[in-house]
Amino acid sequence: MFFCLVYMDKQTHTIEQMLDFLPNEIKDGLSHVNMKDVYEIRLRADKPTTINFRGEYRFLGAYGLTNRPEQSIICTIYDVADCVYKAGEYSVYSVEEQLKKGFITARNGERLGLAGEYVFEKGQPLAMRNFSSLCIRIPHEIYGSGREVYRRCLANGLQNCLISSPPGLGKTTILRDLARLIGENTDKNVLICDERGEISCGDCGKRSDVLKFADKNTAFEAGIRAMRPDVIITDELSAVDCEGVKKAIYAGVTVLASAHFSKMEHIKEPFFGLFERYVLLDAHKVGKIVGIYDALGRDCI
0 MFFCLVYMDK
10 QTHTIEQMLD
20 FLPNEIKDGL
30 SHVNMKDVYE
40 IRLRADKPTT
50 INFRGEYRFL
60 GAYGLTNRPE
70 QSIICTIYDV
80 ADCVYKAGEY
90 SVYSVEEQLK
100 KGFITARNGE
110 RLGLAGEYVF
120 EKGQPLAMRN
130 FSSLCIRIPH
140 EIYGSGREVY
150 RRCLANGLQN
160 CLISSPPGLG
170 KTTILRDLAR
180 LIGENTDKNV
190 LICDERGEIS
200 CGDCGKRSDV
210 LKFADKNTAF
220 EAGIRAMRPD
230 VIITDELSAV
240 DCEGVKKAIY
250 AGVTVLASAH
260 FSKMEHIKEP
270 FFGLFERYVL
280 LDAHKVGKIV
290 GIYDALGRDC
300 I
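If you count by numbering that gives the first Met the number 0, then the sequence shown holds residues 0 to 300, one letter each, in order.
Here's what the structure looks like:
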């Protein structure tokens, strides 16, 4: 099964708007590339620049895509650092907590994953410095990406769902579209607990409220008390987040979430049995649904 990819131009940003923190040479190279097919940009100090284009990694040259690394744009460590400071709007303090977790979310929802040197104090990450690599995730507005999940798992009554795949294969895009579809087709109030600021960068529908940059347990507890949601949508669950999910479900809130699992048999406790539906995406093709399973792991397709 594939979701319906209907890319809406009215939701797109120009390169200048969306990626204004990039070096000019990179922006010039990207001006020759169809940005709706770019999922990631990887900058590594003193190494060739690569982009994930339609699911395949290619080098980025001055005139767009190239298969030859010697023609690729090379960024310096100063270029990498400048990207981080620009994405943080020149205030490292404003993104300090994000830096401790190894990422920054820029103004238009682009997530910059960071590699460099961690500074620790009393065993806890204090800061990151000497940035050497960036993995820039590009958000896309794809109307209809959640339609198949909605039809099979939510249309006849909302159910707790976990959408699983390796990173970068469409989970966040589907969750954003599900928020919109719930708003269009029900009278339910949706709370988006957006720890990394990626889900809410696009159209989340007319019935969505957003809590950004809080850890999931904090967001769940505060959000349930303050906003009385019928549905909570969140991204990239870890095992420590499952207790908060359980409390929300026990409180009568439907939870839609994502996690990094490539096979159904990899989903163990505390994830397994917590949700009523498990949606598994293809590990190699963006947005392809390969399985939908019930709470006992039985195939529902």
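Glycine included, every Cβ here is placed at the ideal spot set by N, Cα and C.
Residue of the options minimising C-alpha distance to residue i
{"i": "Asp45", "options": "Arg224, Gly296, Ile76", "result": "Ile76"}
{"i": "Asn66", "options": "Met263, Tyr38, Tyr56", "result": "Tyr56"}
{"i": "Ala154", "options": "Ala247, Gly182, Gly28, Ile266", "result": "Gly182"}
{"i": "Asp229", "options": "Lys262, Leu190, Ala126, Glu220", "result": "Leu190"}
{"i": "Lys47", "options": "Tyr89, Ile25, Glu109, Glu147", "result": "In the sequence on display, residue 47 carries Pro and not Lys. Answer by Cα proximity: Ile25."}
{"i": "Gly145", "options": "Gln123, Lys170, Pro138, Asp176", "result": "Asp176"}
{"i": "Gly122", "options": "Arg128, Lys99, Thr233", "result": "Lys99"}
{"i": "Gly108", "options": "Glu242, Asn23, Asp19, Lys187", "result": "Asp19"}
{"i": "Glu242", "options": "Val209, Thr217, Arg227, Asp78", "result": "Thr217"}
{"i": "Lys211", "options": "Thr185, Gly251, Asn188, Thr104", "result": "Thr104"}
{"i": "Lys170", "options": "Pro138, Gly28, Ala247, Pro22", "result": "Pro138"}
{"i": "Tyr361", "options": "Arg110, Glu140, Glu220, Met17", "result": "In the structure displayed, the chain extends from 0 to 300; residue 361 sits before or after that span and is not available."}
{"i": "Asn23", "options": "Lys35, Lys85, Arg151", "result": "Lys85"}
{"i": "Ile173", "options": "Phe102, Lys287, Leu29", "result": "Lys287"}
{"i": "Ala61", "options": "Ile223, Ser30, Lys35", "result": "Ser30"}
{"i": "Leu21", "options": "Leu111, Gln158, Asn188", "result": "Leu111"}
{"i": "Phe274", "options": "Gln158, Gln97, Ala213", "result": "Gln158"}
{"i": "Val278", "options": "Glu147, Asp186, Thr185", "result": "Glu147"}
Exposure of residue i, with buried meaning 16 or more beta-carbon neighbours within 10 Å
{"i": "Lys215", "result": "buried"}
{"i": "Phe1", "result": "Its pLDDT being 37, under 50, Phe1 is placed unreliably in this model, and the coordinates cannot settle the point."}
{"i": "Phe119", "result": "exposed"}
{"i": "Arg179", "result": "buried"}
{"i": "Thr253", "result": "buried"}
{"i": "Ser199", "result": "buried"}
{"i": "Cys299", "result": "exposed"}
{"i": "Arg276", "result": "buried"}
{"i": "Ser71", "result": "buried"}
{"i": "Gly115", "result": "buried"}
{"i": "Asp8", "result": "No answer about Asp8 holds up, because its pLDDT of 36 lies below 50 and its placement is not dependable."}
{"i": "Val244", "result": "buried"}
{"i": "Thr234", "result": "Here residue 234 turns out to be Asp, not Thr, going by the sequence shown. So Asp234 ends up on the buried side."}
{"i": "Pro68", "result": "exposed"}
{"i": "Val239", "result": "exposed"}
{"i": "Tyr142", "result": "buried"}
{"i": "Gly54", "result": "exposed"}
{"i": "Gly222", "result": "buried"}
{"i": "Glu140", "result": "buried"}
Contact set for residue i: own chain, Cβ-Cβ below 6 Å, skip 5 residues either direction
{"i": "Lys284", "result": "none"}
{"i": "Gly310", "result": "Residue numbering for the chain in the displayed model covers 0 to 300; residue 310 lies beyond these limits and cannot be assessed."}
{"i": "Pro124", "result": "Lys99, Tyr117"}
{"i": "Phe130", "result": "Val79, Ala80, Val83, Leu113, Gly115"}
{"i": "Ala282", "result": "Pro165, Ser261"}
{"i": "Leu168", "result": "Leu280, Val285"}
{"i": "Asp208", "result": "Leu190, Met226"}
{"i": "Ala247", "result": "Phe219, Ile231, Val254"}
{"i": "Gly101", "result": "Leu113"}
Residues near residue i by beta carbon distance below 8 Å, same chain, minus five either side
{"i": "Ile73", "result": "Asp45, Lys46, Pro47, Thr48"}
{"i": "Val32", "result": "Ile50, Phe52, Leu59, Gly63, Leu64"}
{"i": "Glu88", "result": "Arg106"}
{"i": "Glu95", "result": "Ala126"}
{"i": "Gly28", "result": "Thr48, Leu59, Gly60, Ala61, Tyr62, Gly63, Ile72"}
{"i": "Leu236", "result": "Leu161, Lys215, Val244, Ala256, Ser257, Ala258, Phe270"}
Cutoff 7 Å; reference residue i; Cβ partners in own chain excluding five residues on either side
{"i": "Lys262", "result": "none"}
{"i": "Arg297", "result": "none"}
{"i": "Met17", "result": "Asn107, Glu109"}
{"i": "Asp36", "result": "Phe52, Arg53"}
Would you call the stretch 281-296 in contact with the stretch 190-206, where contact means no fewer than 3 C-beta pairs closer than 8 Å? no
Can you confirm whether the stretch 131-140 touches the stretch 34-42 when touching is taken to mean that 3 or more C-beta pairs between the two stretches lie within less than 8 Å? yes
How about the stretch 196-212 and the stretch 260-268: do they share at least three Cβ pairs that are nearer than 8 Å? A contact is defined here as three or more CB-CB pairs under 8 Å, and the stretch 196-212 fails this definition with respect to the stretch 260-268.
Segment contact, 8 Å Cβ cut-off, at least three pairs: the stretch 151-165 with the stretch 241-259: yes
If we require 3 or more residues per run, which beta strand (DSSP E) segments fall completely within the stretch 70-106? 102-104, all fully within the stretch 70-106.
What beta strand (DSSP E) runs, 3 residues minimum, are completely inside the stretch 107-180? 110-120, 123-136, 160-163
Which whole runs of the beta strand (DSSP E) in the stretch 206-244 are 3 residues long or more, in chain order? 207-211, 230-233
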